[in-house]
Structure formats: structure tokens, C-alpha cells
Amino acid sequence: MSEAFDSFEKVHALLQDEEACARVLYEAKWPNGFRCPRCGHDHAYPIATRRLPLYECSRCSKQTSLIVGTVFQGTRTPLHLWFQAIWLHSRPGSINALQLSKEIHVTYKTAWLICHKLRHAMSGADADALLTGAVRLTDACIYHRVSSNMKWHQQEQSVLIGATDGENGEPENVKIKKQDKSLLKHRLEAPKPGSFILEHVATEARMSVNFVRQYSRERHHALQKIGREVEKWLAELFRGIGPKHFQAYLNHYCYDWNRRKTSRFGDLLGWCAATRTITYPVLTQRLPARSGRRSRSATSHVAIAG
18 MSEAFDSFEK
28 VHALLQDEEA
38 CARVLYEAKW
48 PNGFRCPRCG
58 HDHAYPIATR
68 RLPLYECSRC
78 SKQTSLIVGT
88 VFQGTRTPLH
98 LWFQAIWLHS
108 RPGSINALQL
118 SKEIHVTYKT
128 AWLICHKLRH
138 AMSGADADAL
148 LTGAVRLTDA
158 CIYHRVSSNM
168 KWHQQEQSVL
178 IGATDGENGE
188 PENVKIKKQD
198 KSLLKHRLEA
208 PKPGSFILEH
218 VATEARMSVN
228 FVRQYSRERH
238 HALQKIGREV
248 EKWLAELFRG
258 IGPKHFQAYL
268 NHYCYDWNRR
278 KTSRFGDLLG
288 WCAATRTITY
298 PVLTQRLPAR
308 SGRRSRSATS
318 HVAIAG
């Protein structure tokens, strides 16, 4: 991401009106220039009669909204507030809905929905990226409770943590997936890794996956450390998360962790522009979820000129 947006103050100053935000979103949605969703033509006429412009294809006359097919579709919240929210989510440690509502001056419900829509984009960012090379895998318990009872506590969550072994031994491309603890006889039983490996590990790396249970003598200490950090992050920032949205928060953490050494504003904006929205009824399970796969074929990282 360009240095033009390296602070919240600069984001607020440079993207304080819809026109400026529309220009940036245009570049994020069509990084290689306009492309008609109907015929694929590369030229359109802007129709600037609304808050956000429409683009009419010069070949087939299809009119396309700037926010259709993005996480912003259907929003009544101004784009400059969305962009501020994206920047705040791209900081190390991120932000919760209550903090966001105070920062950008919206209701808690609006902030909650924005956070979940951004989390939806983060979830899609790494969905198709398979673990390759030397892959390590372990199980962990989030919200661990100290108890002599071998049964699972209601708040405890079983997860599998996998990652590629980096050159210096540091995990890379981390994936954390919630497991069905009802299939486990007791708290010390590890979930079977087969489904995780088939879904998240590249074919050529599956036979060499090094799976070590958390209670084994030889533990994957780096992965166990990540599990403890996830638990701390969820507890301190969100005061704990229930099972309904638990996986989305794990995806959020992995998105941040996998990009911890890079600037995330442009990357997250790119994914927001490429990801179909998720609605409030779907988030509250009133409607079935639709695919959040990307709506364009461009790369996920968007470099925005400063």
C-alpha cells in the first residue's frame, strides 16, 4: 500500500468525500480497467446522476454499479466511512465493533455489520490458498478451562492449526479450522486430521504432513503458541466469541497473521472490491449463505497510487 494511506489521519483527509472514494474503489474493482460483466467489453460511459456513478457499457449498454459484486453492495453507509473502517481493520491487532462505532461515529449495529462484512472478505482471501511444502499440523483447545472433568466445557472449542514450515522454522500461511468437538469422546482426544489435509493441503504435500497432537511429548511449539495468541486476541479484543461466528474470527486472525509483515489496507480493499457481500439476514442465519467467491479474476492485492 502506498505511503499516502499510512495513517488514519491521511485516510480521513484524502478520502473524505464520495468522489475520492469512488476513484479509489474503481481502481480496486477494475485494476486492469473497466470490464463489462455481460460482454467483457473494456469501455464504458460514466453516468454521474447518483451518489455513486453507474457505468454503461459502450458495446451492449449494460449499466453496472460501482458497488455491485462487492462487500459494499446495498450499503447506505458512505464509502469514506467504509474506507476508514478498512484502514482500522488493517492495523495490527484490528478493532472491535464497539470501538469502530466510536471511531467513525455510526451505530453499534452498523459497525457490527461492517466488521462482519470485512471479515467475510478476509475469509475469502485465503480460502483457496493451499498449504504447500513441509506442512505441520496440530490440534488445540481455545477457551481452555481447568477442570478434572474430561468432558468438553460448553465454551471450549477444538481447532486444528496448520502451517507451512518457513525457511527459518517460523510458520507461514497459517490456517486454523474449528472442529466438531461432539465427535470427540473427551477433551484429550485429538480430532482426525484427514478432512483438514484434503481440503487445505496441496496434493503433493499431503503424504508428508507432520501431525503432532497437542498432548504429545514432541509438540509443535510454534503452532501451539499461535493457538494461545488466538485465544488471547479473542478474549482481550472481543471478550470471547460464541460458536456461530467463531470460524469467521479464526479466518480474521489468519488473514492478519499471514500478512503481518506487509501493509494490509490495499490488500483488504482489493478483497472488499472482489468479494460479494454477505447480508444481515445471512449473518443472523435468517437466510442461507451465498458464495463469497471473488467476482473478478484480478490479483487480491491492490496497489493504490498515492
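First residue of the sequence shown: 18, per our numbering; consecutive thereafter. A virtual CB, placed ideally from N, CA and C, is assigned to each residue, including glycine. Just so it is clear, the structure is predicted and the values come from calculations on it, not from any experiment.
- In the displayed model, Ser175 falls within a strand according to three-state DSSP.
- Comparing alpha-carbon positions, the option among Val226, Asn185 and Asn166 lying closest to Lys202 turns out to be Asn166.
- No Cβ-Cβ contact shorter than 8 Å links Gln171 with Ile159.
- Collapsing the DSSP output to three states places Ile258 in coil.
- Shown here for Ser225: same chain residues with a beta carbon closer than 8 Å to its own, the five before and five after excluded, namely Ala151 and Val152 in chain order.
- The shortest C-alpha to C-alpha distance from His29 to any of Thr124, Glu73 and Leu105 is the one to Leu105.
- For Leu148, the three-state secondary structure derived from DSSP is strand.
- Less than 8 Å separates the beta-carbon of Tyr72 from that of Ala61.
- Assigned with DSSP and collapsed to three states, Pro109 falls in coil, not helix or strand.
- Here Ile295 carries a coil assignment [DSSP, helix/strand/coil].
- Glu35 sits in a helix when the DSSP states are folded into three classes.
- By the Cβ criterion, the segment 219–238 is not in contact with the segment 256–263, since fewer than three pairs of Cβ atoms, one from each stretch, lie closer than 8 Å.
- By the CB criterion at 8 Å, Leu254 and Ser111 fall inside the cutoff.
- Spanning the alpha carbons of Glu189 and Val163 requires a straight line of approximately 30 Å.
- As computed with DSSP, Ile243 is found in no beta bridge at all.
- Sequence-distant partners of Gly186 (beyond 5 residues in either direction) whose C-beta falls short of 8 Å from its own C-beta, in its chain, are Ala239.
- The continuous stretches of alpha helix (DSSP H) do not include Ala222, and DSSP gives it neither H nor E.
- Here Lys195 is not near Cys271, since their CB atoms are 8 Å or more apart.
- Ala61: member of the beta strand (DSSP E) spanning Ala61 to Ile64, first to last residue.
- Three or more beta-carbon pairs drawn from the segment 286–299 and the segment 78–93 are found closer than 8 Å, and the two stretches are therefore classed as touching.
- Closest by C-alpha distance to His161, out of Leu148, Tyr125 and Lys198, is Lys198.
- With a threshold of 16 other beta carbon atoms within 10 Å, Glu44 meets it and is buried.
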